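Undergrad: Just passing along the structure, written as structure tokens.
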Amino acid sequence: MASPVNQARGGFGVLGTLWRAGMIAPLRPDRYLKMAAAMRREGLGMTVGFASAAARCPERPGLIDELGTLTWRQLDERINSFAAALQGLPSGQPKVVGIMCRNHRGFVEAVVAVNRIGSDVVLLNTSFAGPALAEVVNREGVDAVVYDEEFTETVDRALADKPDATRILAWTSDGQRGATVERLIADHPGQRPHRSGRKGRMILLTSGTTGTPKGANQTGGNAGVGTLKAILDRTPWRAEETVVIVAPMFHAWGFSQLIFAASMACTVVTRRKFDPEATLDLIDRHRATGLAVVPVMFDRIMELPAEVRNRYTCKSLRFAAASGSRMRPDVVIAFMDQFGDVIYNNYNATEAGMIATATPADLRAAPDTAGRPAGGTEIRILDGDFNELPTGEVGTIYVRNDTQFEGYTSGSTKDFHAGFMSSGDVGYLDDAGRLFVVGRDDEMIVSGGENVYPIEVEKTLAAHPEVAEAAVIGVSDEQYGQRLAAFVVLAPGAGATTESLKQHVRENLANYKVPREITVLDELPRGSTGKILRNELQARVGG
């Protein structure tokens with residue numbers, strides 16, 4: 001148990017962090033009273049920041065999307081109106097609401113409104129096909145779906161067995177057809193929802209690159225002030241500034257950035273679909289100090305012609321935070337060389353929140369690192385018998401913090417050992433305490449009795465001057481048990497052959513790590529969060 005002196009020091013440390021970030025600032029007394037009232041009304045869940053921001057700076061822009069600007073007051077009022085509308089539906093208040101939207105006001109309004117009335121929220125991947133969506137909808141008991149018009153066919157197929165489910169359009173081409181978020185808001189001006197006292201669950205889906213995603217139950221009650229301090233101590237967020245969020249908000253990473261921005265009363269600038277040049281334009285036009293992306297978005301920005309990139313300075317940026325998949329070291333360095341040392345690589349898990357963060361200094365020293373453990377998080381590298389491994393040795397990554405999830409909605413959970421949760425990844429720590437992720441624990445293959453991690457081969461292929469990106473998977477093999485198959489995207493004008501690429505691997509790695517086959521693709525199949533869809537690559541491999 002911490003001593004009173006250490007507790008006091010910890011308290012002052014938190015206050016100091018909040019003061020530096022501008023969360024504690026000289027405000028009119030009535031502002032503080034309104035903020036306190038909002039927090040009592042909303043509780044300390046994930047979405048309390050929206051009500052608090054509306055009390056703190058009501059006339060400050062809260063959300064800017066392709067439809068224009070909403071102040072925090074306007075956004076809060078629209079959320080209340082939509083929440084009241086949901087309670088007044090002819091079928092009654094829905095119990096579980098699935099939300100299948102791109103980044104725009106309708107997504108934000110739906111998530112917060114559903115949370116305010118105590119119903120459960122399931123964030124649905126916009127890349128879902130009908131069967132995967134149907135499985136999730138049925139498993140989670142979804143009885144209402146808020147979705148963009150472009151997903152109508154997919155939603156209709158998924159709800160074929162639920163004819164009575166409520167359907168509400170969030171983004172439409174004309175805004176006139178059927179029930180829409182906009183129409184329901186307009187029909188309930190100035191109304192507030194009735195508070196049931198129930199705390200709704202926020203169900204975030206795992207990435208599901210190899211199968212149907214699992215639902216991770218997050219009520220938002222686990223994370224505390226310590227988590228807030230850990231983020232602010234590592235990444236230079238400041239209250240009441242502007243942040244561009246182009247990472248998909250339905251995913252745990254993009255959603256966490258939205259929630260954090262609201263808690264900081266930061267203006268959120270977003271757009272429905274990612275465009276690399278448009279993102280640079282948003283940063284400069286709104287003088288944004290923060291950017292939230294998934295790693296592949298850095299790739300796309302740096303693939304722009306130099307004359308296009310050079311039209312933008314991004315000099316207002318203080319941080320460009322990424323998470324969700326592996327970052328390419330060459331792209332990390334190239335981006336920082338052009339736009340400054342602003343990249344923060346976050347190693348997160350839907351089930352455990354923030355695990356580690358790599359600062360620009362870490363990335364300059366080791367561009368492929370996942371960073372150092374976040375404040376309040378412990379990391380151990382364990383072998384199959386749960387023995388802690390020494391520095392530099394690869395094993396399963398186990399973590400312990402106060403943001404671990406409450407289990408999957410199916411009733412299952414992650415593997416735990418002595419209070420530490422398996423992240424599902426394998427990796428190692430270096431002498432400086434930096435974490436390196438080698439791959440998923442289910443990605444390691446055994447070929448001819450030798451252990452091979454595909455990421456090592458991917459990095460070697462990507463280092464070839466004529467390779468833009470690469471992916472490596474393991475496939476069944478009668479003789480060796482498993483073998484490596486590689487897929488590469490060549491740089492424009494490249495003339496590399498599969499044999500020359502194999503020779504490149506052979507010159508840099510052991511012979512058993514040379515892929516048996518290399519396939520050249522125009523692009524790698526990726527999901528909405530930028531992760532490579534390895535099941536699609538498996539389907540391309542011959543027997």
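Sequential numbering of the sequence shown, starting at 1, is according to my numbering. We put the CB at the ideal spot given by N, CA and C, even for glycine. Small disclaimer: the values here were computed from a predicted structure and weren't measured.
1. Can you grab the Cα-Cα spacing for the pair residue 190 / residue 78, in whole Å?
2. Please report the residue range of the alpha helix (DSSP H) in which residue 299 lies.
3. Tell me which residues share the same chain as residue 431 and place their Cβ nearer than 7 angstroms to its Cβ, disregarding the 5 neighbours each side in the sequence.
4. Quick one, which of 359, 394, 18, 140 has its alpha-carbon nearest residue 320's?
5. For a test of the three-state rule: what should DSSP assign to residue 148, helix, strand or coil?
6. How far does the alpha helix (DSSP H) with residue 256 in it reach, from first residue to last?
7. Does the beta-carbon distance from residue 249 to residue 255 come in below 8 angstroms?
8. Can you give, in chain order, each stretch of the alpha helix (DSSP H) that sits fully within the stretch 51–78 and has at least 4 residues?
9. Under a three-way DSSP split, which group does residue 19 fall into?
10. Based on Cα-Cα distance, which residue from 164, 113, 74 lies nearest to residue 90?
11. Does the stretch 333–353 come within contact of the stretch 421–441, defined as at least 3 CB pairs closer than 8 angstroms?
12. What's the C-alpha gap between residue 433 and residue 455?
13. In the DSSP assignment, the alpha helix (DSSP H) including residue 455 goes from what residue to what residue?
14. What are the uninterrupted segments assigned as alpha helix (DSSP H) that are 4 or more residues long and contained completely in the stretch 308–340, given in chain order?
15. Grab me the residues of residue 74's own chain with a C-beta within less than 8 angstroms of its C-beta, minus the 5 sequence neighbours each way, in chain order.
16. Should residue 125 be labelled buried (16 or more other beta-carbon atoms within 10 Å of its own) or exposed?
17. Three-state secondary structure (DSSP) at residue 284?
18. With DSSP collapsed to three states, give me the class of residue 487.
19. Do residue 397 and residue 374 have their C-beta atoms within less than 8 angstroms of each other?
20. Going by DSSP in three states, residue 354 sits in which element: helix, strand or coil?
21. Would you mind sorting residue 497 into buried or exposed? The rule is 16 or more other CB atoms within 10 Å of its CB.
22. Judging by CA-CA distance, which residue of 14, 393, 442, 273 is the nearest neighbour of residue 428?
23. Does residue 395 come out as helix, strand or coil in the three-state DSSP assignment?
24. Put residue 533 into one of helix, strand or coil per three-state DSSP.
25. Which residue comes first and which comes last in the alpha helix (DSSP H) that contains residue 500?
26. Could you check how far apart the C-beta atoms of residue 419 and residue 441 are, in whole angstroms? I think they sit under 8 angstroms.
27. For residue 110 and residue 48, which I take to be in contact (beta-carbon distance under 8 angstroms), what is that distance rounded to the nearest angstrom?
28. On the three-state DSSP scale, how would you describe residue 477?
29. Going by C-alpha to C-alpha distance, which of 139, 329, 197 sits closest to residue 459?
30. For residue 433, which of helix, strand or coil comes out of DSSP?
31. Is residue 511 helix, strand or coil when you go by DSSP?
TA: Walking through what the data contain:
1. Along the sequence shown, one-based indexing puts residue 190 at 190. Along the sequence shown, one-based indexing puts residue 78 at 78. Taking the straight line from one Cα to the other gives about 8 angstroms.
2. Walking along the sequence shown from the start, residue 299 turns up at place 299. Segment 295–302, the alpha helix (DSSP H) holding residue 299.
3. For the purposes of this step, residue 431 is taken as residue 431 along the sequence shown, with counting starting at 1. 391, listed in sequence order.
4. Taking the sequence shown and counting its residues from 1, the one referred to as residue 320 is at position 320. Of the candidates 359, 394, 18, 140, the one whose C-alpha sits nearest the C-alpha of residue 320 is 359.
5. Along the sequence shown, one-based indexing puts residue 148 at 148. It is a strand residue.
6. Mapped onto the sequence shown, residue 256 falls at position 256. 252–263 is the span of the alpha helix (DSSP H), which, as asked, contains residue 256.
7. Start at 1 with the first residue of the sequence shown, and residue 249 comes out as number 249. Start at 1 with the first residue of the sequence shown, and residue 255 comes out as number 255. Contact: yes.
8. none
9. On the sequence shown, residue 19 is found 19 positions in, with the first residue counted as 1. Three-state result, residue 19: helix.
10. Residue mapping note: residue 90 aligns to position 90 of the sequence shown, counting from 1. Considering only alpha carbons, the answer is 164.
11. yes
12. Locating residue 433 in the sequence shown gives position 433, where the first residue counts as 1. Locating residue 455 in the sequence shown gives position 455, where the first residue counts as 1. If you take the alpha carbons of residue 433 and residue 455, they lie about 21 angstroms apart.
13. The sequence position of residue 455 within the sequence shown is 455, counting from 1. Taken as a continuous stretch (DSSP letters only), the alpha helix (DSSP H) holding residue 455 covers 454–462.
14. 329–339
15. Position 74 of the sequence shown, counting from 1, holds the residue named residue 74. Cβ within range, chain order: 62.
16. Position 125 of the sequence shown, counted from the first residue, corresponds to residue 125. Burial call: buried.
17. On the sequence shown, residue 284 is found 284 positions in, with the first residue counted as 1. It is helical.
18. Numbered from its first residue, the sequence shown carries residue 487 at position 487. Strand, per DSSP.
19. Here residue 397 is taken as the residue at index 397 of the sequence shown, counted from 1. Here residue 374 is taken as the residue at index 374 of the sequence shown, counted from 1. Against a cut-off of 8 angstroms, the Cβ pair of residue 374 and residue 397 comes out as no contact.
20. As a working note, residue 354 is residue 354 in the sequence shown. The DSSP-derived three-state label of residue 354 is strand.
21. For the purposes of this step, residue 497 is taken as the residue at position 497 of the sequence shown. The residue is exposed, with fewer than 16 neighbouring Cβ atoms inside 10 Å.
22. Walking along the sequence shown from the start, residue 428 turns up at place 428. With distances taken between Cα atoms, residue 428 lies closest to 393.
23. Start at 1 with the first residue of the sequence shown, and residue 395 comes out as number 395. The answer is strand: DSSP assigns residue 395 an E or B state.
24. Your numbering for residue 533 matches position 533 in the sequence shown. It is coil, neither helix nor strand.
25. Taking the first residue of the sequence shown as 1, we reach residue 500 at position 500. Here the alpha helix (DSSP H) through residue 500 covers 498–508.
26. Working through the sequence shown from its first residue, we reach residue 419 at position 419. Working through the sequence shown from its first residue, we reach residue 441 at position 441. No, residue 419 and residue 441 are not in contact; Cβ-Cβ is about 19 angstroms, not under 8 angstroms.
27. For the purposes of this step, residue 110 is taken as the residue at position 110 of the sequence shown. For the purposes of this step, residue 48 is taken as the residue at position 48 of the sequence shown. No, residue 110 and residue 48 are not in contact; Cβ-Cβ is about 17 angstroms, not under 8 angstroms.
28. Position 477 of the sequence shown, counted from the start, is the residue given in the question as residue 477. Three-state result, residue 477: strand.
29. Stepping through the sequence shown from its first residue, residue 459 is reached at position 459. Per the Cα distances, 329.
30. In the sequence shown, residue 433 corresponds to position 433, counting from 1. Residue 433 falls in the coil class under three-state DSSP.
31. Along the sequence shown, read from residue 1 onward, the residue named residue 511 stands at position 511. Helix at residue 511.
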